[in-house]
Amino acid sequence: MDPLPRRLLIANRGEIAVRVARTAREMGIEPVGVFASSDAGAFHVGHMGRSVDLGPGGPTETYLSIPRLLAAAASSEASAIHPGYGFLSESADFARAVTDAGLLWIGPPSDAIQKMGDKLQARRRMRGAGVPVVPGSDGGAERPGEEDLIQRGAEIGFPLLVKASGGGGGKGMARVDRPEDLPQALEETRRVALAAFANGHVYLEKFFESPRHVEFQVFGDRYGSVVHLFERECSVQRRHQKVIEETPSVALDPRLREAMGRAAVEAARAVGYIGAGTVEFLLDERKNFYFLEMNTRLQVEHPITEETLGLDLVRAQIEIALGAPLPAPWRGGKLLPQGHAIEMRLYAEDSNEFLPRSGRILVWEEPAGPGVRVDAGVGAGTTVGVDYDPLLAKLVISAPDRASAIERAKRALSEWVVLGIETNAPLLAAVLASPDFRSGRYATDLIRRLPAREAQDPPDVAWIAAALVARNGAVAPSGDRPEPPRSWDPWDEASSWRPGA
Amino acid sequence: MDPLPRRLLIANRGEIAVRVARTAREMGIEPVGVFASSDAGAFHVGHMGRSVDLGPGGPTETYLSIPRLLAAAASSEASAIHPGYGFLSESADFARAVTDAGLLWIGPPSDAIQKMGDKLQARRRMRGAGVPVVPGSDGGAERPGEEDLIQRGAEIGFPLLVKASGGGGGKGMARVDRPEDLPQALEETRRVALAAFANGHVYLEKFFESPRHVEFQVFGDRYGSVVHLFERECSVQRRHQKVIEETPSVALDPRLREAMGRAAVEAARAVGYIGAGTVEFLLDERKNFYFLEMNTRLQVEHPITEETLGLDLVRAQIEIALGAPLPAPWRGGKLLPQGHAIEMRLYAEDSNEFLPRSGRILVWEEPAGPGVRVDAGVGAGTTVGVDYDPLLAKLVISAPDRASAIERAKRALSEWVVLGIETNAPLLAAVLASPDFRSGRYATDLIRRLPAREAQDPPDVAWIAAALVARNGAVAPSGDRPEPPRSWDPWDEASSWRPGA
Amino acid sequence: MGSVGRGFQLEARRVKLSAGERTLDVALEEGAASLGDRMVPFAPRQNGSTLVAVEHGGQVFPVRAVREGDRIFVWTAGRTFEFRIEPAAGRGPARIRSTGAESGLLSPMPGRIRRVLVAQGDTVTRGQVLLILEAMKMEHAIRSPRDGRLARLMYGEGDLVEAGVALAEIE
Amino acid sequence: MGSVGRGFQLEARRVKLSAGERTLDVALEEGAASLGDRMVPFAPRQNGSTLVAVEHGGQVFPVRAVREGDRIFVWTAGRTFEFRIEPAAGRGPARIRSTGAESGLLSPMPGRIRRVLVAQGDTVTRGQVLLILEAMKMEHAIRSPRDGRLARLMYGEGDLVEAGVALAEIE
């Protein structure tokens, strides 16, 4: 294995930047953060060894600017870069630029990213590798024209999905129920795709009413070994994006797990994969599985795999990037998951329409205790704006079995105090309480089928507490600016209190 | 198993009260807290389902008052009581009173507590059960007189320890180096013992220069089964009290582990033990082990056992008290520890003389992320007084192996931000960095042999930050009372900020 | 009771609060609170200067509460509630809530105007997409609630808007 | 740099700080700090109203800081430091530190006087136990630093004492 870098630049923000920094420290590597000037006080900056200012502008000019990131690595003398997820994590250009700059790229080879990044190409490769893919419009012609697509649509049948070749993760896709809506859907998807991914190619896919979404964690090393680290059940979604993940999946029996795992390894092999990746499958009611896409990076939900296997996947990413082979026990199939793990994503959004919220976090108390891990990207005082992902933190639960994991998850969720901004905690609680989730018999339509989250009347103590706080802050000493609520101002006492007095 | 109680009264405070409450919630039991009126705003009160005011007075009139605790259980309709550790957890009278009141006692039978509570009696029983005990003055006469003891002292040899029969956990003992000091030591120990334990009996024990302190977790059920859940290495001590514990112990090989485990089980059997208990052993340089004492309650350091075995020991306590048998895998010897766990105790005390500190916690940021568990009894704003144990929180680390556990512990410790009160964090860091601890070759004299913790010069950024805060708080608007430091007052912005503005 | 009085002055106090559709006059006196027409005994319990619990009918219940402007956030028993301080004399001016339900003309979320598809003066039809709002990687189409003429457009492309603000006026 | 200026007013500021044995005049101006006789460029970085980092020589380093009375606590790079604000004109009156090292007559820790073993006026000898102080389950014997006469006893049994306060006077 090559020597460890002295500093690792983390080209990201939020919880994943903090998460990667923790592993870096444990390896004796100084984590270097980056931030947009307008984002100077971001939470992650307070958790790095040091950070570099990427300058003015929005995400595009900063966290997404390859030149500025490379300059930041140079100025901080960081010799390696970890992209986290999102932002440039799946940019083949970035991977190439980092390597060309003589820096260590903590991720898969750029050509593997490219091959999987184009969904059409990827589907073709998978078919070639004998991995089942969702029936779609890309069986024949390289680039089918308008008429071909409309004809294929008729063959596939409705409802179906129009998908952008450059899309993924639920972005750049549209559901079409009737043939007559197809042309407009094609146009709109092309527009979005061009704007979002600079790639206007689209294709059609069979639409499954209520499939499961199950993914496999895979790892490859530069010596040709590829293994999987078991599955993650990701069917609890809203807006085609994951909210709760768990492992193991109740939908898999040993034989199916083995078959899907083998397919995942084949998929990774087909693109010469090195490092950490995730192969996503659709699983239909009849337990047929289809390749959906491969994410060529660390997943948001990677911690549930870490918890059940007792591993640090970020450490494994770094060691493999440094040339280490896959750990022997991984290759020997000696790895056995212990117990059950559940991840809940706390988003700054409402629990019914899932619309993002912004504001300032005034009180932030995290759950803790046995079997509870919180990976947070915010804290008390953090301002949540509109420019970045609304993910606030991840609550990761481990327990000996699924039933006790669910009880523990409910307990932990009930301990979480977040005041000042609306979160989706009520949605998370509703899922944990739903019979479908508890039975394990659920699919991607679980949340759609839940009753709406209704606002509850506050109990007496809540009204009393509100009155206490309202009144204490209501005495205005100077003009219209209310005085800081006395009982809430740590300085009120602090400044008058004297040690030894 | 009997039906679960609807409410569980937790006769304790601080981190253990919160810890027990968490398990209660996961079992669907409402945790009921108690507090002294003078301790009304204690951290644990904010983490219960509800709490009951024990009224005026110090610890003796409140947390140690059996009548008031029983009254609290009655008024809150709690049908079970968990004592935590310390306070009345090892009071046979309390255990009896709780049972007599028709409430469920989450702990061992009162007579088992009694038998182990009197250290002289316990030593005699252990000898009877064939468990090796530390050579001492209690071989012969029931209650040896002054002269007998002085003669025995000569036989045992100096240095030796004078111990109070009612003592334990490092309390009520004195080291004597020269024969001529023995009479005064006997007198002083008797005085302390009478005052502290209402039991003036003392005895002598061989003193070991640098033994290891290794304990075994045991569990018994009411059907006569007794098992051990492996060891905890507790040799990192100051003032005869534990600071860092880890499991497994590097000092034990499989054969020794098996022998000590069997002795621990025998010790518990000898007193008809039911529930969770801990058998403490001295381990000398030649790997001879001697029974030291049995703690008939949950230990502060129980979490490291939970982490390596993936268990919830509090849940097991409650289930066994309700009549459940020991889980089958425990009895079948199927239990195998996974990886390595380390607990670090954060105390409000200085790192050189270990003298307690009091004050107010102004900033409190806990470490988090993979393999990190924090059981805390305080938070931002908590006032730490002189009436209670100075334990602030426990940092529990788990990792695949000892080396990575130590690196993770260092990382987590470096993340911990506690401002406003002095803590022993520098001591904890010094232990983690010491060659003796890292090699695993250490004993109870580890901390004594460390170089003193020297105050370091603050780096530039610390001076700058101090100046920023000093100046922002220096503008005094009214008389001598400085204004709250602007940049630190969450209300300054909050009160002038308007949503949608 | 060392904790009471610490921070809190418990002379009589009265405030009108609303939560969701409910509005209530709450008055606090030493040891008792009147909620609308009900009286309940209570006492605050503080951790240093932080309210951790409220005594209510002899038992003490955990609570967290914080005020920001005229909004108050309260956590208790695992649930969070938002209150508003209402002007003492009856309800104040109707406040715009950001549910996006009432009218497509209100911004349903904070975000940036990604595209403006119409111009002032245009005649628009019900359901027609007027603007595309983007926040946190998500696009949201703002449609006209009815047929009419676009009298005013309050924002242009790239503008930042809060939740619940008016985006356009239609005659 | 939206974050600067938020909360912090960066007009020139000067303060005398001490940490352990070191005392330093620190002056902050927009973008630069003078530490004693050295000038270093700097800028605060805030999270909302919370200082999370300080830019120093082009790189940004995490920091937490808080003031209580004339004491300032700062965390950075995993270590914590305590500062004191010194009166601008030279050092102020010598402050009693609670290390317990200087004199057995100072309370080495906060606690309760458990027992008083001597009376005012008694002649005492060096090393003689005068008081027994108890805190957090721990007993601590306060011994006489020298031979002499016990001129004054400041506290009685059961009294609560802070760290660093004088417990007795010996002539």
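Protein chains in written order, with our numbering: chain A, 148 to 648; chain B, 148 to 648; chain C, 1218 to 1388; chain D, 1218 to 1388.
Beta carbons: idealized from backbone N, C-alpha and C, even for Gly.
Residue environment, residue i, which counts as buried when at least 16 other CB atoms sit within 10 Å
i: residue 387 (chain A); result: exposed
i: residue 1342 (chain D); result: exposed
i: residue 370 (chain B); result: exposed
i: residue 174 (chain B); result: buried
i: residue 250 (chain A); result: buried
i: residue 392 (chain A); result: buried
i: residue 324 (chain A); result: exposed
i: residue 196 (chain A); result: buried
i: residue 345 (chain B); result: exposed
i: residue 1258 (chain D); result: exposed
i: residue 586 (chain A); result: exposed
i: residue 1199 (chain C); result: Summary: the structure shown does not reach residue 1199 (chain C), with chain C confined to residues 1218 through 1388, and so no result is reported for it.
Min CB distance residue i to chain A below 8 Å
i: residue 1432 (chain C); result: This structure does not reach residue 1432 (chain C), given that chain C is present from 1218 up to 1388, and the question cannot be answered.
Straight-line Cα distance separating residue j from residue i
i: residue 330 (chain B); j: residue 292 (chain B); result: 12 Å
i: residue 151 (chain B); j: residue 219 (chain B); result: 19 Å
i: residue 1337 (chain C); j: residue 616 (chain B); result: 51 Å
i: residue 500 (chain B); j: residue 1235 (chain D); result: 23 Å
i: residue 326 (chain B); j: residue 300 (chain B); result: 8 Å
i: residue 265 (chain B); j: residue 1345 (chain D); result: 33 Å
i: residue 1376 (chain C); j: residue 400 (chain A); result: 52 Å
i: residue 527 (chain A); j: residue 568 (chain A); result: 11 Å
i: residue 154 (chain A); j: residue 490 (chain A); result: 30 Å
i: residue 198 (chain A); j: residue 1277 (chain D); result: 5 Å
i: residue 178 (chain B); j: residue 467 (chain B); result: 18 Å
CB contact check: residue i to chain C, cutoff 8 Å
i: residue 502 (chain A); result: yes
i: residue 510 (chain A); result: yes
i: residue 441 (chain B); result: no
i: residue 277 (chain B); result: no
i: residue 212 (chain B); result: no
Beta-bridge partners of residue i, as assigned by DSSP
i: residue 192 (chain B); result: For residue 192 (chain B), which the question treats as bridged, DSSP gives no partner whatsoever.
i: residue 1351 (chain C); result: C:1329, C:1356
i: residue 1298 (chain D); result: D:1291
i: residue 1385 (chain C); result: C:1370
i: residue 387 (chain A); result: DSSP lists no partner for residue 387 (chain A).
i: residue 491 (chain B); result: B:391, B:542
i: residue 1246 (chain D); result: D:1249
i: residue 510 (chain A); result: A:566
Cutoff 8 Å: residue i Cβ touching any chain D Cβ
i: residue 384 (chain B); result: no
i: residue 467 (chain B); result: no
Minimum Cβ-Cβ distance from residue i to chain B less than 8 Å
i: residue 186 (chain A); result: no
i: residue 1293 (chain D); result: yes
i: residue 1302 (chain D); result: yes
i: residue 1374 (chain D); result: no
heavy atom of the ligand MG below 7 Å from residue i C-beta
i: residue 303 (chain A); result: Here there are no bound small molecules, and the ligand MG is not part of this structure.
Check: With a cut-off of 8 Å, do at least 3 Cβ pairs link the segment 466 to 482 of chain B to the segment 295 to 309 of chain B?
Finding: no
Next item on the list: Evaluate the contact criterion for the segment 342 to 351 of chain B versus the segment 553 to 570 of chain B: three or more CB pairs, one atom per stretch, below 8 Å.
Entry: no
Check: Do the segment 418 to 425 of chain A and the segment 438 to 455 of chain A make contact, defined as three or more Cβ pairs closer than 8 Å?
Finding: yes
Notebook entry, point to check: Per the contact definition of three or more C-beta pairs closer than 8 Å, is the segment 1239 to 1257 of chain C in contact with the segment 155 to 171 of chain B?
Noted result: no
Check: Do the segment 402 to 416 of chain B and the segment 268 to 279 of chain B make contact, defined as three or more Cβ pairs closer than 8 Å?
Finding: yes
Margin query: With three or more beta-carbon pairs closer than 8 Å as the criterion, would you say the segment 574 to 593 of chain B touches the segment 209 to 226 of chain A?
Written below: no
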